[in-house]
Structure formats: structure tokens, C-alpha cells
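Participant: Starting off with a structure, shown below.
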Amino acid sequence: MKTALNSAFGKIPQSVLLVFVLGWACHHPEQLIESEVCIYGNSSASILAAVQLKKRGREVVIVSPDTYIGGMTIEGLGGSDINNHSGFKNDSVIGGLTLEFYKDVARHYGVTNFDSARAQARTWRFEPHVAKGIFDRWLAELEIPVYTESRLRLAFDAVTKEGEKIVSIETRNGKTFRASLFIDASYEGDLLHYAGISTIVGREPNSRYGETKNGIRESNTYRNFEVAVDPYVEPGNPQSGLIHTIQDEALGQPGAGDGRIQAYCFRACLTKDPSNRVPFAKPENYQRDWYEIYLRYLDAGGSLYKPSYSIPGNKTDLGAWHDLSHNLYGMNHAYPEGDYEQRAEIYQYHLDFTRGLFWFLANDPEVPKNVRQEWRQWGTTKDEFTDNQGWPRMLYIRDGRRMQSDYVITEHHTRKDTSIRIEDPVAIAFWPPDVHHVRRIVREGKAYNEGFVFGGDNWKPFPIPYSSLVPRESECNNLLTPTCLSASHIAYGAIRLEWTFMLLGEAAGIAADLCLETNTSVQQLPYSELKERLEANRTVITLR
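Going by numbering that gives the first Met the number 0, the sequence shown opens with residue 0, and the numbers climb by one from there.
Below you can see the structure in the form of C-alpha cells.
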């Protein structure tokens, strides 16, 4: 029997519901878990896919490699990137349950007439714990089992296949998940890779797809240093070595491909409200020399970034996209294909660096007084990420593995002058190609950031095809991915927003239900029927 989202469970205290859904799944002694659909990943797309399936009466489980579920939507990215750009409004492409999520957000903050408020960016913004509360309530109301701390064994024999069909997956905690259909809704694409599906990490050469913005960037003016910063330990002496955050690499051939990925960072939730503020603490392993570049930047007259309130509750969603910030260009390249221990080391390095940076800016006597006074007002919050001393539990993974399928979304799809027609749209991407710098090197004797692509005049929103969510049929016929879809490095930069992942998660859930109903592979799914169901879900699949 299909379960309504607004069920009687809504009257039960949320804490009780969470014990049922999360606690039961995490601690249930069964080692073999069977369902119709198994969703792997901790992202918001996991939840939206699961809710769509459960509302359609399907047996579905979520397998999260972490202790939490909700991805960056609950890990600090409350700014949402909806209607926050002066050049365009993009809320018109948000529909389905994704829109219901944002309506729940607005209701939480007292918005009584959503339609009259939707043009305002603040209507779409939220605190991390509010997003988590909404997602947890949805999962609990629908009794969707979530198996947390269930990491896929990173080995090819962890994915059992019969021909091109995945039968089951094994996790490191000894559980086996058997299902008829699988969805990889992770940021890393581990299930894709170990299921034998072709993936890629990093930048393709421009020549591969006839692009202009991919590969090594010959000239980067966007978010590059606004002042000249000497990169050497002993200023002016290349033989003395490089200061921290700068890599000893040549620029390379412009337009050539490489394995480099855009930088990761934390979306820091800070406040200067005395009743909720925890002052920045000096880390035990504080390395002051890590921050020499910030002193040189300030000494040269650079204007360093600073926090500002951007989400409700007198809090920040402090991202990092500046010439110099806590975006650590080039320090994450091993993450997507690393094992869990390597990823944990990269996470810890970013955490140590960021905690130390914020303390340094607030306290170091060599930092200009006005900068110290500004940063000293801020601190982490008492009511966010309470299990991790106020810091997000995951990095903002802007880049992971991307599936390589028969259909690849490229820069050409994003261009105003494109002639490409999409025959099987499942959502709309409404953001310019947005790829952060991938490294910091020396160029002409100065620190230089390389890789950023953003905006420009020659882009437009575009439909995302169902074909990009499915693997090659020769590799796997019962898996979909809404988060690691088949796209080039540049095109993925226009897709990688949380709300776009949520829309694609819904589409994957609806498609999975239809595959089971019609007993077809994901590649042979009749799109005309999928389109009808997407439209019934009020998913926006055509540009208005």
C-alpha cells in the first residue's frame, strides 16, 4: 500500500521517529538486507529518490557510508544558489518534491504565502539543522530504512553481478544488500566504479569534445590574486622552496587534460551572536607557517575575504571561491579515487587548516588589527554540528568520479548558440559552468591560481537528459546515478548544485519505479511513460 507523506507519523515526536528509522536500520542484526531498490550514498539526492520510490509503494533502503544522511544540504550549504545571482532568477525550474522541501523550509521560517515570496533569495535559505530536521521527518514518516556507517567495500568483488546486472553489494560492516535496481547517489561514485562502469576524474582535453573551457587554463583572471604575492620561502629566491599552499608544477599545455579536480572546502556555519558563538580555538597541531601566504597577501595590500550573515539564525554559509580563502587549491586530488583512510586524511587536513586559519586571522599579532577585530567577532555555533565541535562533518565535494556513458553532457549543451536538442529531459540545469581553481602554482615569479571557470555571457539553462543518468548497457543495466552523471568537467560545473541533484534524485526514483513496473532495463525504459510521470510530479522538464 502506498504511504502518504503527511501520515500520522507527523504527530509523533521527531526524536522517536529518528530512533525508529535510523536506529533500527543501523543496529538491526540482519546481515542480508533485501529490497526492490538500494540507494547508495549520503546525499540529498538519496533522500529524494527514496521518497519518490516509497510514495510509489516500493521497498527501498538507503545505504549511507557515513553517520548522517542529507549531504551538503545539511552540511552547511544553506545558501542554496537559488535567486541569489544579480543576473538571473532560477527558481522557475524547481518543482516536484524538491520544491516541497523548500516550501517546508519557508514554512519553518514563518512564510505564509510562498508564491509571493519565492522571488526573494532569502526564501530559499536555511540553517543546516533545519534541513536535517525536514529530511529526517520525511524519512521517518515514510519509514524508509537508512543504514548508516555502511561503507561499500572498495573492491570489485564487493559488487556481485550476473552478466550486466548488479545482484548485490557488500559493505565493510559485513552487510550484503540485495536489490533489483541500484542508484548511486554518492558524491564519489564508488558504486559506479566497483560495478565496472566507466568513470573519469578530472579535466578532459578540450579536443575530446570540441570544448573551449576544459583542460589546463592558459589565462585565469577570475578569482586570481588581486595583488602580487611572492611564492618563495625566502622572497625572491626560487632555490629556497615554496611557501605552503603552492605546488611546484609547471603550467603545462593549455587545453590539455589532466586528473586535477576543483578545490574542496567547508561551508562554514559561523555567527557573531554572543549567545550562540563559540570563539575560534587554536588547534593542537597548529602550524603557523601554513599561513605565510595570507600575511604576504595582506602586506601587499590585498583585501581578504570575511564572513557575513547569509542564512537565517544570524549565521553564515561561508563558502570559498576567492583568490585566497579556505579553498585549498590542489590539496584534494587524491580524494575521489582514494580509500576511506586517504579521504579521512584529506578531510582532517582541510579541517586542521581551516580551524587554524580562522584562529590565525582572529589572533595572530602580525595580522592587521582591523582584520583581527573583524574575525575575532566570529565563531562556530553552539547549535550546528554539535557532534563535531561546530564543524561540518563532510567537505564540499565539488568533484568526484563522473560516469562515462554513451551520452555525455558537454560545454556545448550550456552555450546560448547550441543546436543540441534534448529528447529525454528529466530536469533543468539553471546555472553557468562553475568550476573552481584546481591548483596554485608559480607563474612569472608570483603565486598564481589556475582552473577557475564561471559565468560569462554565452551560457543558458539546459535540459538534463535521462540518457546521462544511465550507464552503457554493455556495462550495467540496472543502475542509475543522479549525482555522478555522464558529463564533462565543464558541463558538470553547471549541474553540481544541491537542488539540481535533488531534482535528479527524484527523476532517478521515478525512473526506477517505472523500470520495475515494466520489467525493463534502465536503458530500455520507455521515455514517453517517464515523461508522463515526471509531469504528474510537477517536475519542470522544459524551459518556460
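Where a beta carbon is used, it is the ideal one built from N, C-alpha and C, also for glycine. Just so it is clear, the structure is predicted and the values come from calculations on it, not from any experiment.
Determine the DSSP secondary structure at G378, reduced to helix, strand or coil.
Facilitator: The residue given as residue 378 occupies position 379 in the sequence shown. Strand, per DSSP.
Participant: Measure the Cβ-Cβ separation of A44 and A249 and say whether it is below 8 Å.
Facilitator: Here the question's residue 44 lines up with position 45 in the sequence shown. Here the question's residue 249 lines up with position 250 in the sequence shown. Result no, Cβ atoms of A44 and A249 do not sit closer than 8 Å.
Participant: Looking only at its chain, what residues have a beta carbon closer than 7 Å to the beta carbon of A428, apart from the 5 residues adjacent to it on each side?
Facilitator: Counted from its first residue, the sequence shown places residue 428 at position 429. Within the same chain, A428 has close Cβ partners P460, F461, I463, A493, I494, T499.
Participant: Looking only at its chain, what residues have a beta carbon closer than 7 Å to the beta carbon of E565, apart from the 5 residues adjacent to it on each side?
Facilitator: Coverage of the chain is limited to positions 0 through 543, which leaves residue 565 absent and any answer about it impossible.
Participant: So who's on the other strand from F461, going by DSSP bridges?
Facilitator: In the sequence shown, the residue the question calls residue 461 occupies position 462. Looking at the DSSP assignment, F461 forms a beta bridge with A428.
Participant: Taking the continuous beta strand (DSSP E) assigned at D456, which residues delimit it?
Facilitator: What you label residue 456 is simply residue 457 of the sequence shown in a count that begins at 1. Element bounds for D456: n/a, residue is neither H nor E.
Participant: Helix or strand or just coil, what does DSSP make of H332?
Facilitator: Working through the sequence shown from its first residue, we reach residue 332 at position 333. In the structure shown, H332 sits in coil (DSSP, three-state: anything other than H, G, I, E or B).
Participant: Along the chain, where does the alpha helix (DSSP H) containing K53 start, and where does it finish?
Facilitator: Your numbering for residue 53 matches position 54 in the sequence shown. Where K53 is concerned, the enclosing alpha helix (DSSP H) stretches over 43-54.
Participant: For D257, write down the residues that DSSP places opposite it in a beta bridge.
Facilitator: Position 258 of the sequence shown holds residue 257. R202, per the DSSP bridge assignment.
Participant: Note down, one range per segment and in chain order, each beta strand (DSSP E) of at least 3 residues found wholly within the region 112-195.
Facilitator: Whole beta strand (DSSP E) segments, 3+ residues: 158-161, 164-169, 175-183.
Participant: What would DSSP say about C514, mapped onto helix, strand or coil?
Facilitator: Locating residue 514 in the sequence shown gives position 515, counting from the first residue. In the structure shown, C514 sits in a helix (DSSP, three-state: H, G or I).
Participant: Just list the residues that DSSP pairs V60 with in beta bridges.
Facilitator: Walking along the sequence shown from the start, residue 60 turns up at place 61. Paired residues: C37.
Participant: Would you tell me roughly how many angstroms separate the C-alpha atoms of I168 and T147, rounded to the nearest one?
Facilitator: Counting from 1 along the sequence shown, the entry for residue 168 is found at position 169. Counting from 1 along the sequence shown, the entry for residue 147 is found at position 148. The straight-line gap from Cα to Cα measures roughly 15 Å.
Participant: Three or more C-beta pairs closer than 8 Å, one from the region 376-390 and one from the region 118-137: is that the case here?
Facilitator: Touching, yes.
Participant: For a minimum of 3 consecutive residues, which ranges assigned as the beta strand (DSSP E) are wholly contained in the region 241-288?
Facilitator: Here the runs fully enclosed are 276-278.
Participant: Helix, strand or coil for M393 per DSSP?
Facilitator: As a position in the sequence shown, residue 393 is number 394, starting the count at 1. M393: coil per DSSP, three-state reduction.
Participant: Under the rule that 16 or more other beta-carbon atoms within 10 Å means buried, what is S302, buried or exposed?
Facilitator: Sequence index remark: in the sequence shown, residue 302 carries index 303 (1-based). Label assigned to S302: exposed.
Participant: Tell me the residue span of the alpha helix (DSSP H) that contains N313.
Facilitator: Position 314 of the sequence shown holds residue 313. Here N313 belongs to no alpha helix (DSSP H), and DSSP marks it neither H nor E.
Participant: Less than 8 Å separating the beta-carbons of S42 and Y186?
Facilitator: In the sequence shown, the residue the question calls residue 42 occupies position 43. In the sequence shown, the residue the question calls residue 186 occupies position 187. Their beta carbons are under 8 Å apart, which means S42 touches Y186 by this criterion.
Participant: Pick from G132, H332, D322: whose alpha carbon is nearest that of V226?
Facilitator: Stepping through the sequence shown from its first residue, residue 226 is reached at position 227. Ranking the options by Cα distance to V226, first place goes to D322.
Participant: Tell me which residue opens and which closes the alpha helix (DSSP H) that V104 is part of.
Facilitator: Here residue 104 refers to the residue found at position 105 when the sequence shown is read from its first residue. Per DSSP, V104 belongs to the alpha helix (DSSP H) from 95-107.
Participant: Reducing DSSP to helix, strand and coil, say where R222 ends up.
Facilitator: Within the sequence shown, the letter at position 223 stands for residue 222. Of the three classes helix, strand and coil, the one that applies to R222 here is coil, per DSSP.
Participant: For L533, which residues in the same chain have their Cβ closer than 7 Å to its Cβ, ignoring the five residues on either side in sequence?
Facilitator: As a first step, residue 533 must be located in the sequence shown, where it is residue number 534. Same-chain partners within the cutoff: V425, A506, I509, I540.
Participant: Would L529 be called buried (16 or more neighbouring beta carbons within 10 Å of its own) or exposed?
Facilitator: Indexing the sequence shown from 1 puts residue 529 at position 530. Buried is the call here.
Participant: What do you reckon, are the CB atoms on Y296 and H436 nearer than 8 Å?
Facilitator: Along the sequence shown, one-based indexing puts residue 296 at 297. Along the sequence shown, one-based indexing puts residue 436 at 437. No; because the gap between Cβ atoms is not below 8 Å, this pair is not in contact.
Participant: Among I408, E340, I32, which one has its Cα closest to the Cα of F176?
Facilitator: Within the sequence shown, residue 176 is the residue found at index 177, counting from 1. Of the listed residues, the one whose Cα sits closest to F176 is I32.
Participant: In the DSSP assignment, what residue or residues form a beta bridge with A446?
Facilitator: Locating residue 446 in the sequence shown gives position 447, counting from the first residue. V441, per the DSSP bridge assignment.
Participant: Please confirm if the region 139-157 is in contact with the region 58-70, defined as three or more CB-CB distances below 8 Å between the two stretches.
Facilitator: Yes, since at least three Cβ pairs between the region 139-157 and the region 58-70 fall closer than 8 Å, the two stretches touch.
Participant: Mind reading off the beta-carbon distance from F545 to A105? Whole number of angstroms is fine, and I expect it under 8 Å.
Facilitator: Nothing about residue 545 can be reported from this structure: the residues present for the chain run from 0 to 543 only.
Participant: Please classify S561 as buried or exposed, where buried requires at least 16 neighbouring CB atoms within 10 angstroms.
Facilitator: It is not possible to answer for residue 561, since the shown part of the chain is limited to 0 through 543.
Participant: In whole angstroms, give me the CA-to-CA distance for G94 and I81.
Facilitator: Start at 1 with the first residue of the sequence shown, and residue 94 comes out as number 95. Start at 1 with the first residue of the sequence shown, and residue 81 comes out as number 82. The straight-line gap from Cα to Cα measures roughly 13 Å.
Participant: Could you please give me the residues that DSSP links to F359 through a beta bridge?
Facilitator: By 1-based counting over the sequence shown, the position of residue 359 is 360. According to DSSP, which records beta bridges pairwise, F359 is partnered with nothing at all.
Participant: Please report how far the alpha carbon of H545 lies from the alpha carbon of P282, in whole angstroms.
Facilitator: As displayed, the chain neither begins before 0 nor continues past 543, which places residue 545 out of reach and without an answer.
Participant: Apply the 10 Å Cβ neighbour rule to R537 and answer buried if 16 or more other Cβ atoms are within range, or exposed otherwise.
Facilitator: Taking the first residue of the sequence shown as position 1, residue 537 is located at position 538. That one is exposed.
Participant: Give me, in chain order, the residues of the same chain whose beta-carbon lies closer than 8 Å to that of E203; leave out the 5 immediate sequence neighbours on both sides.
Facilitator: Position 204 of the sequence shown, counted from the start, is the residue given in the question as residue 203. Excluding residues within five positions, the ones whose Cβ falls inside 8 Å are E210, N213, G214, G256, S487, H488.
Participant: Please state the DSSP three-state secondary structure of K10.
Facilitator: Working through the sequence shown from its first residue, we reach residue 10 at position 11. The pLDDT assigned to K10 is 40, lower than 50, so where the model puts this residue is not dependable; a value taken from the coordinates is nonetheless given after this. Three-state result, K10: helix.
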